[in-house]
Amino acid sequence: MGTFVISKRFDDRYKFVFTSRKGKTIFTSPSMELKMECEDCIEAIKANIELYTYVKARAANGKYFFKMMLEETVIATSRKYTTPLLLEKGIDEIIRTAVKSDVLDFTMNEFVFED
Numbered sequence: 268m269g270t271f272v273i274s275k276r277f278d279d280r281y282k283f284v285f286t287s288r289k290g291k292t293i294f295t296s297p298s299m300e301l302k303m304e305c306e307d308c309i310e311a312i313k314a315n316i317e318l319y320t321y322v323k324a325r326a327a328n329g330k331y332f333f334k335m336m337l338e339e340t341v342i343a344t345s346r347k348y349t350t351p352l353l354l355e356k357g358i359d360e361i362i363r364t365a366v367k368s369d370v371l372d373f374t375m376n377e378f379v380f381e382d
């Protein structure tokens, strides 16, 4: 099962990634000003996964990637894949597991160290 992971970027904006069950990033969202925007977007993905389209492309270096879209809006951009088959497997994992995936919040920067 995949996992959504919310984190904070260095510019204090938020993003989320969707990772495979093996922990490999499948896609990354654009930056968002509020953590709540990430949470809302994740819930929308989980509730309406069948509405999203996957626009496939090839990078200048020859690797394959996709953009996850809802109508004209880019929701996320995938990592780069070496083959079209691996790209298809990434999309398939989203479709199969996003609905039941956990959400982890890594935005809290508080760590407790005990002596």
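Counting from 1, position 91 in the sequence shown corresponds to residue 358 in the working numbering; the numbering is continuous, with no gaps. Heads up, the beta-carbon is just placed ideally off N, CA and C, and yes, glycines get one too. What you are looking at is a predicted structure, and each value in this text was computed from that prediction instead of being measured.
- Message: For a test of the three-state rule: what should DSSP assign to residue 364, helix, strand or coil?
- Response: Sequence index remark: in the sequence shown, residue 364 carries index 97 (1-based). Helix.
- Query: Which parts of the stretch 330 to 364 are runs of the beta strand (DSSP E), unbroken and 3 residues or longer, counting only runs that do not cross its ends?
  - Reply: 331 to 337 and 340 to 345
- Item | Identity of the residue in 341, 371, 335 and 373 nearest residue 360 by Cα | The residue you call residue 360 lines up with position 93 of the sequence shown. Nearest C-alpha to residue 360: 335.
- CB residue 270 to CB residue 369, shorter than 8 Å? Your numbering for residue 270 matches position 3 in the sequence shown. Your numbering for residue 369 matches position 102 in the sequence shown. A contact, by the Cβ cut-off of 8 Å.
- Taking the alpha carbon of residue 305 as the point to measure from, which residue in 324, 285 and 290 has its own alpha carbon closest? Start at 1 with the first residue of the sequence shown, and residue 305 comes out as number 38. Selected option, being the one with the closest Cα: 285.
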